[in-house]
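Let me begin by presenting the structure, written as structure tokens, before commenting on it.
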Amino acid sequence: MEEALRGAVQASDVTAGIAVLIAVLAAAGADAEHRTAVVVAAAAVVALAVCLVWTSRTLAGRATAREAELSLQIENLRGEMGRFQARSAQTAKTIETYAQHLTAADTNQLELCVKMMSQTEDSSKEARSAAEVLIVLEGNTRGIASTSEQLSANVATVATAAEEISTNINSIASTSEEISGNMSAVATTTEQLSSNLRTIDTALKGISGAITGIAGNAREGATVAGNASRAAGETSGIMAALGKSAEEIGKVTNVIQTIAQQTNLLALNAAIEAASAGEAGKGFAVVANEVKELAKQTTAATGDITTKIQGIQDNTQRAVDAIRDITVIITKINELQNLISSMVDQQTRSTQEISRNVTEAVAGINEIAKNISQSAEGANQVSRSIGEIATGANDVAKNVAEAASAVNDLNAKLCENTVMATESSRYTRRASEASASTRERMQEMMVAVDQICDVVRELEKMSETVGAPATSAPA
357 MEEALRGAVQ ASDVTAGIAV LIAVLAAAGA DAEHRTAVVV AAAAVVALAV CLVWTSRTLA
417 GRATAREAEL SLQIENLRGE MGRFQARSAQ TAKTIETYAQ HLTAADTNQL ELCVKMMSQT
477 EDSSKEARSA AEVLIVLEGN TRGIASTSEQ LSANVATVAT AAEEISTNIN SIASTSEEIS
537 GNMSAVATTT EQLSSNLRTI DTALKGISGA ITGIAGNARE GATVAGNASR AAGETSGIMA
597 ALGKSAEEIG KVTNVIQTIA QQTNLLALNA AIEAASAGEA GKGFAVVANE VKELAKQTTA
657 ATGDITTKIQ GIQDNTQRAV DAIRDITVII TKINELQNLI SSMVDQQTRS TQEISRNVTE
717 AVAGINEIAK NISQSAEGAN QVSRSIGEIA TGANDVAKNV AEAASAVNDL NAKLCENTVM
777 ATESSRYTRR ASEASASTRE RMQEMMVAVD QICDVVRELE KMSETVGAPA TSAPA
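Residue 831, in the working numbering, is where the sequence shown stops; the numbers in between run on with no holes.
Next comes the structure, spelled out in structure tokens:
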């Protein structure tokens, strides 16, 4: 706050001193054209003094700021210079208007010049004060030059860092391109894997269909085996019944054989009785003999039937045993068929589960392939963006280099301003010492006006140089 007040006091002192100088120069003018030129030149000196005091105070505070705020400070400085140009133009217009008013009032100005001549000594004192102010201004200008040199060094450091950042960004861009190529290769491999899994899925569906057919055949075989087992059981029952019938027939044959034996005994008894009867029993003997032969044939037939029935019983028993074995085998076959059917069903479920998993895997791999493709596209976009960033970093480095050049130019201009301030101080002292002679004062002031015009032109060039980057710098 104290520094700001001190700067304001200095600015007011400078303004007051140079305002007196304007009055002296206006009073010393021989004609309106010279007075106007002198007033305009003095106004330019006022504007320059105000600018230098203000710039000294601003840059003195900015010199202690961190290097990270350098870019913002430069932009603010450019903006302030632009506003300074606007204020200078406005001041020039005001002074020009004032000069026109002076031209319109020649008579009053002449009277004012007469009065001013009586105040020459006071004007000399004011001129000495202005010289002292210019000395202070010269010191401030040197401080500004030192600060601008430091700013130039900081800008050079920023430019070097920007170049390193640009190099790193180019390296990152190269790595991003390599990653993009790798991801494209991974996407191709993933697509091939997806194709292989689709082939496996198709094969598993074919296997599942075959296993389903096997399961149907196994179930049908189990049904046939069950039917055969039931038929064998029924056949076994029939054969058992047949065996029982053969046993019954054997019993009947035994009865017939017993009857035949008894008939044979009866025929033998009848033959004996016929032999006892003599001639009277011959016919009876023939009948008895026929009965005996019939009994023998019956016995032989029943024996043959018994033998055949025994064979039937033996064969029936063997058939029953064979059917029992067949039934056991068919039962085992049925159990195996049921086991096969169960295993086939389980295998079918497993195959279906595998097929479903493969289908999900195909879908997942397709999603992965899609994501990888998107990632590859993203990597390409990142690579492009990094390339754009690298271009921007190069532009930043270029702009920083231009800013460094502009700061160097500003430093040079400030050095010139220091020289000019020294010259202005010298001319002011000369104006104070030459107050006894109006002609000599006018000649010296004409030289001073020429020098001040040069200062104004240099100031305009400096404003254009400083304002150009501010208008061209990117937002």
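The beta-carbon is built from N, C-alpha and C at its ideal position, and this holds for glycine as well.
Please go through the same chain and pick out, in chain order, the residues whose beta-carbon is closer than 8 Å to the beta-carbon of residue i, but skip the five residues on each side of it.
{"i": "T662", "result": "G606, T609, N610 and Q613"}
{"i": "T683", "result": "S585, A588, G589 and S592"}
{"i": "A627", "result": "A641, A644, N645 and K648"}
{"i": "S631", "result": "The identity of residue 631 in the sequence shown is Ala, whereas the question assumes Ser. Here the set comprises G637 and A641."}
{"i": "Q618", "result": "none"}
{"i": "G634", "result": "none"}
{"i": "Q653", "result": "none"}
So the candidates are the options; which of them puts its Cα closest to the Cα of residue i?
{"i": "L549", "options": "N722, E733, N727 and S729", "result": "N722"}
{"i": "L837", "options": "T704, G637, L598 and A651", "result": "Here the chain covers residues 357 to 831 and nothing more, so residue 837 does not appear."}
{"i": "S564", "options": "S706, A631, G634 and V580", "result": "S706"}
{"i": "T672", "options": "A596, A543 and E709", "result": "A596"}
{"i": "S711", "options": "L428, L598, E629 and G562", "result": "G562"}
{"i": "E733", "options": "G537, L428 and T523", "result": "G537"}
{"i": "E603", "options": "S551, K664 and E635", "result": "K664"}
{"i": "V718", "options": "S632, Q618, S551 and E709", "result": "S551"}
{"i": "Q730", "options": "A633, S540, T516 and D681", "result": "S540"}
{"i": "T747", "options": "S601, T523 and T516", "result": "T523"}
Quick one: what's got a C-beta closer than 6 Å to residue i's C-beta in the same chain, skipping five residues either side?
{"i": "V470", "result": "With a pLDDT of only 45 at V470, under the threshold of 50, the placement of this residue in the model should not be trusted; the figure read from the coordinates follows. Nothing listed; no residue qualifies."}
{"i": "Y454", "result": "Confidence is the limiting factor: at Y454 the pLDDT is only 46, short of 50, which leaves the residue's position unreliable, though a coordinate-based value still follows. Nothing meets the Cβ criterion."}
{"i": "M357", "result": "Per-residue confidence for M357 stands at a pLDDT of 44, beneath the threshold of 50, marking its modelled position as unreliable; the derived number appears in the next sentence. Around M357: no qualifying Cβ."}
{"i": "R422", "result": "Residue confidence for R422 is low, a pLDDT of 49 falling below 50, so the modelled location carries little weight; the figure read from the coordinates is stated next. Within the same chain, R422 has no close Cβ partners at all."}
{"i": "L354", "result": "The chain is shown only over 357 to 831; residue 354 falls outside these bounds and no answer can be derived."}
Pop quiz: residue i and residue j are said to be a contact at Cβ under 8 Å. What is the actual Cβ separation, rounded to whole angstroms?
{"i": "V700", "j": "I570", "result": "5 Å"}
{"i": "A725", "j": "E547", "result": "6 Å"}
{"i": "N625", "j": "T655", "result": "Actually they do not touch by this definition, with Cβ atoms about 17 Å apart."}
{"i": "V714", "j": "L553", "result": "6 Å"}
{"i": "Q666", "j": "G599", "result": "Not quite, the Cβ-Cβ distance comes to about 11 Å (not below 8 Å), so this is no contact."}
{"i": "T704", "j": "T568", "result": "6 Å"}
{"i": "G864", "j": "E629", "result": "Examination of residue 864 is not possible in this model, given that the chain is present from 357 through 831 alone."}
{"i": "A543", "j": "I728", "result": "4 Å"}
Looking only at its own chain, which residues have a Cβ that is under 7 Å from the Cβ of residue i, when we skip the five neighbours before and after it?
{"i": "T658", "result": "T609, I612, Q613 and A616"}
{"i": "S697", "result": "A571, A574, R575 and A578"}
{"i": "A581", "result": "I686, I689, N690 and Q693"}
{"i": "I679", "result": "A588, T591, S592 and M595"}
{"i": "L695", "result": "none"}
{"i": "G720", "result": "none"}
{"i": "S828", "result": "Confidence in S828 is poor, its pLDDT being 47 and thus under 50, which makes the residue's placement unreliable; the coordinate value appears in the next sentence. Nothing meets the Cβ criterion."}
Is residue i near the ligand MG, with its Cβ less than 8 Å from a heavy atom?
{"i": "A656", "result": "With respect to small molecules bound, the structure shown includes none, and the ligand MG cannot be examined in it."}
Using a Cβ-Cβ distance under 9 Å, would residue i count as near chain D?
{"i": "E603", "result": "Reference to chain D is not applicable here, since this structure consists of a single protein chain."}
My parser needs the beta strand (DSSP E) runs of 3 or more residues fully inside the region 629-697; what are they? As far as the region 629-697 is concerned, it has no whole beta strand (DSSP E) run of at least 3 residues.
Ranges of the alpha helix (DSSP H) found wholly within the region 546-601, counting only runs of at least 4: none
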